[in-house]
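Undergrad: Below you will find the structure I want to go over with you.
In our numbering, the protein residues as written are 102 to 584.
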């Protein structure tokens, strides 16, 4: 199946190339990027040394462009806390051309074949993307046709690796339309089908959605609704997300509402709006979209010329109110002649009455930026407090972090210090994690980055998914070259 897919893609590439080169007589352009990195990780893992190289190029000729990327992972470096291996696994060694694409643009039309990132509307119904920082790759491979004028049309037919069954491919195909009905009002509709290999057979999901957005000088508003129909069960899903923001002089006020029921895809090909400041999930042990409802409100106020006060509060709950969360953020910012300073306070509280679990994370923070001509300076810090209760057992600890960023001519430097305290009496006995990161442009098109030290790791939530990142101790060396 994988070989067949590659042959089809290559055939389409040659066809598009032939059509374009016959009709075009423009100058050939070539650009690319090479990214190489070496990591030495000092942990209880046999894979101490990692090498990664990515060489990508793009060839353009009039309306046609073609690109490829060669990737070497020897072995693959993973940030997952659960991915530390005692022995080298052959599945962690990868070498070869991993990404191919061809694009043909003509007036308002585009034909795209290959590895792609794509979004329908806000991403609630469909979004394929890659997040290098979080080591997530939900891109798809296939065919896309698009038309972009007043009427915007996208149609695609794609395949991607099944997240559980190695060697199996899943399918995603559908269309998205958007049209400005009136000057401030835009309407959109999306249709999507997913064929996912679950258990021993393929299961099909059909999703139908619509959205509307209204934009004026004094107000922005949007609402999106979608229905999920499962052909293999009666557990159909529903999603509703809406937001509104208004502007009255120095005041900006906004809010959002979300309702999701059985709307979490097996393959995570979606970007669910979480309607809170920190993009936190309802519960750390379940993905967003399964069962949740929530409200968010925020206000921003500018006063005394240089000051801005911002407040944001959100609550969410499941259908029987047994799982709840609240998210709070407040900041006071000062900005004058590009010099900025801010102080803030954040709080995230989660309650799970079913598992008798409660946790609260709160942290005051500050940030100061001084854009000096020779040595600009940024100083930031936060004092994170984590409190938990599981049944009758209560625990707490502190995670302070400070960072200083500056530059000397072309050399940029960032010094950081993190720590973990059980309580204040353990300050001298607690573990400290210092680090330094240096970045220097060796040549106009080449940058080198060196990181030496330790990072705490821990929980990171993004795109409706919470993950636990492994702590890091060691060296990272990266060289990026553009041409």
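We treat Cβ as the ideally placed atom computed from N, Cα and C, and that holds for glycine.
Is residue 226 closer than 8 Å to residue 338 when the C-beta atoms are compared?
TA: No. Outside cutoff.
Undergrad: Could you have a look at residue 193 and say whether DSSP puts it in helix, strand or coil?
TA: Three-state DSSP puts residue 193 in a helix.
Undergrad: Going by C-alpha to C-alpha distance, which of 440, 539, 405 and 180 sits closest to residue 511?
TA: Looking at the Cα atoms, 539 is the closest of the given residues.
Undergrad: Within 10 angstroms of its Cβ, does residue 323 collect 16 or more other Cβ (buried), or is it exposed?
TA: Burial call: buried.
Undergrad: Measuring CB atoms only, is the stretch 204-216 touching the stretch 339-358, in the sense that at least three cross pairs come out at less than 8 Å?
TA: Output reads no: the stretch 339-358 does not touch the stretch 204-216.
Undergrad: Indicate the three-state DSSP secondary structure (helix, strand or coil) for residue 526 in the structure shown.
TA: Of the three classes helix, strand and coil, the one that applies to residue 526 here is helix, per DSSP.
Undergrad: Following the continuous beta strand (DSSP E) through residue 227, name the residue where it begins and the one where it ends.
TA: 227-229 is the extent of the beta strand (DSSP E) around residue 227.
Undergrad: Please confirm whether any heavy atom of the ligand SAH lies closer than 7 Å to the CB of residue 522.
TA: Although the ligand SAH was asked about, the structure shown includes no ligands whatsoever.
Undergrad: Please tell me whether residue 443 and residue 468 are closer than 8 Å, where the distance is taken between their beta carbons.
TA: Yes, the Cβ-Cβ distance between residue 443 and residue 468 is below 8 Å.
Undergrad: Determine the closest residue to residue 281 out of 316, 263 and 293, with distance taken between C-alpha atoms.
TA: Residue 281 has its Cα closest to that of 316, out of 316, 263 and 293.
Undergrad: Can you tell me whether residue 419 is buried or exposed? The criterion is at least 16 other CB atoms within 10 Å of its CB, across all chains shown.
TA: It is buried - the Cβ of residue 419 has at least 16 other Cβ atoms within 10 Å.
Undergrad: Quick one: measure Cβ to Cβ for residue 362 and residue 426, integer angstroms, because I've assumed they're closer than 8 Å.
TA: That pair is no contact at about 17 Å.
Undergrad: If you draw a straight line from the alpha carbon of residue 203 to that of residue 476, how long is it in whole angstroms?
TA: Residue 203 and residue 476: Cα-Cα distance of roughly 44 Å.
Undergrad: For residue 436, name the three-state secondary structure that DSSP assigns.
TA: In the structure shown, residue 436 sits in a strand (DSSP, three-state: E or B).
Undergrad: Does any C-beta atom of chain D lie closer than 8 Å to the C-beta of residue 391?
TA: You won't find chain D in this structure, because it holds only one protein chain.
Undergrad: If you run the structure through DSSP and keep just helix, strand and coil, what is residue 125?
TA: Note on residue 125: pLDDT 43, under 50, position unreliable in the model; no value is reported.
Undergrad: Considering only C-alpha positions, which residue in the set 392, 350 and 336 is nearest to residue 359?
TA: Nearest C-alpha to residue 359: 392.
Undergrad: Could you spell out the range, first to last residue, of the beta strand (DSSP E) harbouring residue 154?
TA: Its beta strand (DSSP E) spans residues 150-162.
Undergrad: Starting from the Cα of residue 220, find the closest Cα among 197, 269 and 292 and give me that residue.
TA: If we check each option's Cα against that of residue 220, 292 comes out closest.
Undergrad: Who are the Cβ neighbours of residue 46 in its own chain at under 8 Å, not counting the five residues just before and after it?
TA: Given that the chain is displayed from residue 102 to residue 584, the structure contains no residue 46 and the question cannot be resolved.
Undergrad: Find out if the Cβ-Cβ distance for the pair residue 534, residue 557 is shorter than 8 Å.
TA: Contact flag set, yes.
Undergrad: Leaving out five residues on either side along the sequence, give the residues of the same chain with a beta carbon under 7 Å from the beta carbon of residue 543.
TA: Once the five neighbours on either side are set aside, the close Cβ partners of residue 543 are 549.
Undergrad: Leaving aside the five residues before and after residue 240 along the sequence, list all residues of the same chain whose C-beta is less than 8 Å from its C-beta, in chain order.
TA: 216, 217, 218, 229, 230, 231 and 261.
Undergrad: Opposite residue 495 in the DSSP bridges: which residues?
TA: 490.
Undergrad: What is the rounded straight-line gap between the Cα of residue 151 and the Cα of residue 575?
TA: C-alpha separation (whole angstroms): 11 Å.
Undergrad: Go ahead and pull the three-state DSSP assignment for residue 458.
TA: Strand at residue 458.
Undergrad: Classify residue 327 as helix, strand or coil using the three-state DSSP reduction.
TA: Residue 327: strand per DSSP, three-state reduction.
Undergrad: Going by CA-CA distance only, name the one from 326, 134, 350 and 195 that's closest to residue 169.
TA: Out of 326, 134, 350 and 195, 134 has the C-alpha closest to the C-alpha of residue 169.
Undergrad: Using only the alpha-carbon positions, how far apart do residue 423 and residue 341 sit?
TA: Going from the Cα of residue 423 to the Cα of residue 341 covers about 21 Å.
Undergrad: Closest to residue 269 by C-alpha separation, out of 306, 368 and 172, would be which residue?
TA: Answer by Cα proximity: 368.
Undergrad: Which class does residue 633 belong to by DSSP, given the choice of helix, strand or coil?
TA: Outside the shown range of the chain, which is 102 to 584, sits residue 633, and nothing can be said about it.
Undergrad: Please classify residue 308: is it buried, with 16 or more other beta-carbons within 10 angstroms of its beta-carbon, or exposed?
TA: With 16 or more Cβ atoms within 10 Å of its Cβ, residue 308 is classed as buried.
Undergrad: In whole angstroms, what separates the C-alpha of residue 172 from that of residue 545?
TA: Taking the straight line from one Cα to the other gives about 24 Å.
Undergrad: Residue ranges of each beta strand (DSSP E) run of no fewer than 3 residues wholly in the stretch 335-420, ordered along the chain?
TA: Entirely contained in the stretch 335-420, the beta strand (DSSP E) runs reaching 3 residues are, in chain order, 338-349, 352-362, 392-404 and 408-418.
Undergrad: With a CB to CB cut of under 8 Å and the five nearest residues on each side skipped, what residues in its chain are close to residue 200?
TA: Cβ within range, chain order: 157, 168, 169, 170, 172, 215 and 216.
Undergrad: Out of 417, 377 and 140, state which residue places its alpha-carbon closest to the alpha-carbon of residue 399.
TA: Among 417, 377 and 140, the Cα nearest to that of residue 399 belongs to 377.
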